[in-house]
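Colleague: The C-terminal residue of the sequence shown carries number 868 in the UniProt record's numbering, and the numbering is unbroken.
Every residue gets a Cβ at the ideal spot worked out from N, C-alpha and C, and that includes glycine.
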Amino acid sequence: LWEKYGVGEADDKESFQKSFIRHVTTTLARSVYNIDNFSAYQATAHTVRDRLIKRWNDTQQAHTEVDPKRVYYLSLEFLLGRSLDNALLNLGLKENYGEGVKELGFRMEDILDEEVDAALGNGGLGRLAACYMDSLATLDYPAWGYGLRYTYGIFQQRLKDGFQVELPDYWLNFDNPWELPRLDVTIDVKFCGTVNRYTDETGKVRHVWVNEDKDTVQAVAYDVPIPGYGTKNCINIRLWSSKPKRKFNLKRFNEGQYEQAVQEQMEAENITAVLYPNDNHMVGKELRLKQQYFWVSASLSDIVRRFKKSSKPWDEFSYQVAIQLNDTHPTLAIVELQRILVDLEGIDWDEAWKIVTNTFAFTNHTILPEAMERWPVPMVQYLLPRHMQIIFDINLFFLQAVERAYPDDRELLAKLSIIEESTPQFVRMAHLAIVGSHRVNGVAALHSELLKKTIFKDFVRYYGDEKFDNKTNGITPRRWLHQANPKLSELITEALGSKNWLKNLELLKGLKSHVDKVDFRKRWVTAKHSNKVRLAEYIKKSTGIIVNPNALFDVQVKRIHEYKRQFMNILGVIHRYNALKKLTSQERADIVPRVVIFGGKAAPGYYIAKLVIKLINSVADVINNDNSIEDTLKVVFIPDYNVSVAEIIIPASDISQHISTAGTEASGTSNMKFVLNGGLILGTVDGANIEIHEEIGDDNIFMFGNLADQVDDLRHAHRYRNIPIDPSLQAVINDIESGHFGDSRIFAPLINTITHGKDYYLISDDFQSYLDAQKLVDEAYKDKEEWTKKSILCSANMGKFSSDRAIQEYAEQIWNIDPVPAKRS
Ligand code: 26Q
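1) What I want to know is whether the C-beta of V728 ends up closer than 7 Å to one or more non-hydrogen atoms of the ligand 26Q.
2) Does the distance from the CB of P211 to the CB of H89 come in under 8 Å?
3) Give me the residue from L539, K137, F405 and I735 with the minimum Cα distance to K510.
4) Roughly how many whole angstroms lie between the Cα atoms of G642 and G148?
5) Kindly give me the distance between the Cβ atoms of M176 and L548, rounded to whole angstroms, as I take these residues to be in contact under 8 Å.
6) What are the residues that DSSP puts in a beta bridge with F405?
7) Can you look up C277 in the DSSP assignment and give me helix, strand or coil?
8) Just curious, the alpha helix (DSSP H) that D128 is in, first and last residue?
9) Helix, strand or coil, according to DSSP, for P428 in the structure here?
10) Under a three-way DSSP split, which group does H250 fall into?
11) Are the CB atoms of F360 and T402 nearer to each other than 8 Å?
12) For the alpha helix (DSSP H) containing L493, list its first residue and its last residue.
13) Considering only C-alpha positions, which residue in the set M415, Q363, D809 and I280 is nearest to T374?
14) So the alpha helix (DSSP H) A161 belongs to, where does it begin and stop?
15) If you draw a straight line from the alpha carbon of T727 to that of D227, how long is it in whole angstroms?
16) Kindly list the residues whose CB is nearer than 7 Å to the CB of V159, restricted to its own chain and excluding five residues on each side of it in sequence; keep chain order.
17) According to DSSP, is H783 part of a helix, a strand, or is it coil?
18) With the cut-off set at 8 Å, would you say L191 and L119 are in Cβ contact?
19) Is E734 buried or exposed, if buried means 16 or more other CB atoms sit within 10 Å of its CB?
20) Using alpha carbons as the reference points, say which of C174, A839, D101 and Q104 lies closest to N129.
21) Whole angstroms are fine: how far does the CA of Q599 sit from the CA of E630?
22) For a test of your reading of the model: does the CB of R349 fall under 7 Å from any non-hydrogen atom of the ligand 26Q? Yes or no.
23) For W214, which three-state DSSP category applies?
24) If you check the beta carbons only, do I278 and W187 fall under 8 Å apart?
25) At a threshold of 7 Å, does G167 count as lining the ligand 26Q (C-beta to nearest heavy atom)?
26) Could you check how far apart the C-beta atoms of K833 and L723 are, in whole angstroms? I think they sit under 8 Å.
27) Is the stretch 102-113 touching the stretch 134-151 in the sense that three or more CB pairs, one from each, lie closer than 8 Å?
28) DSSP puts W418 in a beta bridge; with which residues?
29) Assuming L155 contacts L127 (C-beta within less than 8 Å), just tell me the rounded distance between them.
30) In chain order, what residues of the same chain have a beta carbon less than 6 Å from the beta carbon of T70, not counting five sequence neighbours either side?
31) Less than 7 Å separating the Cβ of M715 from some heavy atom of the ligand 26Q?
32) Residue range of the beta strand (DSSP E) that I797 falls in?
33) Over what stretch of residues does the alpha helix (DSSP H) that includes N100 continue unbroken?
34) Taking 7 Å as the cut-off, is the C-beta of N732 nearer than that to any heavy atom in the ligand 26Q?
35) Mapping the DSSP letters down to three states, classify T69 as helix, strand or coil.
36) Just checking G711 against the ligand 26Q - is the residue's beta carbon closer than 7 Å to any of the ligand's heavy atoms?
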């Protein structure tokens, strides 16, 4: 049938052009004599979409035939970025289609640049979900993503007088070719209401949750196809959009109350309106809890419906279904499945609970106390009365079992309880997630160890430590090297003799034998240089600042957060600036010029983080306009850091900074992206930095600072003893306070976090060793040949950090699933 109707199979240039023109004239209803870059993008995208749909159908058909165990990745964030380039590369269409658009008078780069990012995530956790979907598709695993289709993604960042201002990200303004609306897949989601007890025909006490129509919302499915690389498989992310069930309140309307008549409708649509812009910080907003349940309820009813199609008995559920919880955000899924099994299917509690715990596994992404999800019991009770009862029952049965194992330890019960006994009470989502899952994992070796030693310590005591393990994060080499750095990708492919490394990243080890070849090194440097030129152009376009591509590019791009210590970075920049000013012109001639590049968004309500952005821009203003230092230092804050900006920045970095206080950054994933692209890193002994260090060796990384096991003592000392501030740091602080970087009063709250606060993130304690490490960087960069060798060895040793490795570990050790390759039809 596909052949007969000529739908999206052919990969050649002519078929592309035919399809392109058809989409211009029909889909876009435009004249072929009047195609701008945006229309060309749309026509190209629709052409690719046709091919995606074909593969997506074949994949679903294969899944239906085999009916394998499937994994469902529940994530409130999927930070996908752009899709066109990625789809062209994964499908192997880039070359032919590039020729095709060229003949029609377009440049593929311009076309690609028309696409807006799908920015349905904050940072690391959301981008990780996107990388994992790429690997699941590439490895042919039968997998689905489930999330929300936010009308507004993460806000767009502008700068005004050096301060961040937020603009709404109304990304669906124009048609989105990367989603397939499934207006036939709709699910009712209930809120509020009451619970009725009754005795069923067998004499069993049962519960039924009833509510009013006005409190029911409809979930509509939008499917986002995710193509694998070098495979016919194409998997699906199902994003739910909310709409009212009851269309219009006619009674109110007839009473002349028009606003009230549409209010219900608006409230329903509100649920999926906006992504909460907080990263590593919990906000206790009712609407956020409603988002969580709306998403969880729709997803589970979809999953259960699919399971029921195979007519297998309930005790086989966990042999057919694995559900991964991306942090605690979907924890209500545990309660919802228990409710479905007990209330709707009439299964006994204990049997249902076995099914539930065998189905779920939970990934923790943070150890920061302010990020731990807790919801007030009265709020949960009001929105989800039956779920609150079930949570209390889960907790009761759990604590009874703990009490049997440790009859004399009453404190243990309070520590493990899912309910925090405060006024009001709170539901501790991490506790619920642990109790309801068969496996709990952290995202890097250190992080997983710290979880066991600190916040989950008592659970390890009760369950034993087999329930807790590590799955070090990974990144997809397709987007983060092949797509973002085509020049380096090509060089690597040529050196290794094939593209196989894109599916087996360990093959990069083969680059080691090229390190000593002068010619290879030259080409390696040329690729890096052209990436730096590309970034310099982007910087000029986005900030007006002109930077020298021969300077050392020093990059810190990530969400702005105190624990990530962008503040320490800019304080170090001031220190460098003051040192440069003291030099004679002759002495400065020996200095390696540096461009210090920042980028990242601060949560709109995070006052201190916003001050850090202002300080960076104020310092940049002074330094960039000081001719006396003769361009030995430039400071740039690139606005609106997002996935597609990252694709320009990362390949151009010489050194990037990953300098969180030890023990605070669960993993970090951009560190992996930089090193994979031949960038060195300057980092603390934290998160995945430690494992990167293990892989690439001492000579190719700059590590500094106190270790995680020293942090408690240092914090204690700051609190209770008078610790003098590091003298170099004090000098920098004095400089800011003298007004050198503008009215210092605005920075007082920021400076106070060190001087009058408790220096919770230990900037003073790490400052000297940070400066020392920076000095080593300067020295090392002077020897260009040695630096290039380090750069090559960095990439060569990054095999471990492919998301393919991570996904294989999850698949084999947690999910128990096997690949199901799609057949070509
Ligand atoms: C929770 C409740 C209410 C509102 C918001 C939130 C919320 C939202 C996002 C809490 C946390 C997040 C995001 C966390 C995150 O991105 N963590 C990062 O995960 C990466 C992938 O594992 C790690 O590499 C990073 O170290 C970690 O910071």
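Modeller: Answer, in terms of the structure:
1) no
2) no
3) F405
4) G148 has its alpha-carbon roughly 35 Å from the corresponding atom of G642.
5) With 8 Å as the limit, M176 and L548 do not qualify as a contact, their Cβ atoms being about 17 Å apart.
6) L368 and V483
7) strand
8) L127 to N133
9) helix
10) strand
11) yes
12) A488 to K496
13) M415
14) Premise fails: A161 lies in the beta strand (DSSP E), A161 to L163, not in any alpha helix (DSSP H).
15) 51 Å
16) W214
17) strand
18) yes
19) buried
20) C174
21) 28 Å
22) no
23) coil
24) yes
25) yes
26) Contact annotation, K833 with L723: C-beta distance approximately 6 Å; criterion of less than 8 Å satisfied.
27) With contact defined as three or more Cβ pairs closer than 8 Å, the stretch 134-151 and the stretch 102-113 are not in contact.
28) Note: W418 sits in a beta bridge opposite V470.
29) 6 Å
30) H89
31) no
32) No beta strand (DSSP E) contains I797, which is instead part of the alpha helix (DSSP H) from A791 to T798.
33) N80 to V109
34) no
35) helix
36) Flag set: Cβ of G711 near the ligand 26Q.
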